[in-house]
Amino acid sequence: MKKIVLTTLAVATFALADAPATYNTCKACHGAKGEINTTTQSKSHVPANLTKADVEKALHGYKDGTYGGPMKAIMKGQVMKLSDADIKALAEYIGK
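The C-terminal residue of the sequence shown carries number 157 in the numbering used here, and the numbering is unbroken.
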């Protein structure tokens, strides 16, 4: 049991450690802290205002083509290279 807990913690720590590096790709459009929505310039649907669950849902939706507006194609291209673990780590990193 102890090995399972330690392994889980190690994996979670590694995933979270990679999130800032992964988010570097997002900064150009969403800002350093996820404060920008490039399509509307509003504060309503910016990454920094979304819950962790909403970030994860949006990223998975972009990846499978079920989510998105005008930037859907661009976002799909960005998230296709992300694993489920990457998406979860990004959600933990930028979501509320």
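The beta-carbon is built from N, C-alpha and C at its ideal position, and this holds for glycine as well.
Every value quoted in this text rests on a predicted model; they were computed, and no experiment measured them.
For the ligand PLP, any of its heavy atoms closer than 7 Å to the Cβ of residue i?
| i | result |
| --- | --- |
| K88 | The ligand PLP is absent from the structure shown, which contains no ligand whatsoever. |
Which one of the options has the shortest CA to CA distance from residue i?
| i | options | result |
| --- | --- | --- |
| M136 | N98, K94 and A93 | N98 |
| K142 | K124, E153, N110 and D79 | K124 |
| A152 | T127, K118, G138 and G126 | K118 |
Do residue j and residue i come within 8 Å of each other at the CB atom, strictly closer than that value?
| i | j | result |
| --- | --- | --- |
| L111 | V140 | no |
| G95 | A114 | no |
| Y154 | A80 | yes |
| D147 | T83 | yes |
| V107 | H91 | yes |
Since I believe residue j is in contact with residue i (beta carbons under 8 Å), could you give me their beta-carbon distance rounded to a whole number of angstroms?
| i | j | result |
| --- | --- | --- |
| G129 | G122 | 7 Å |
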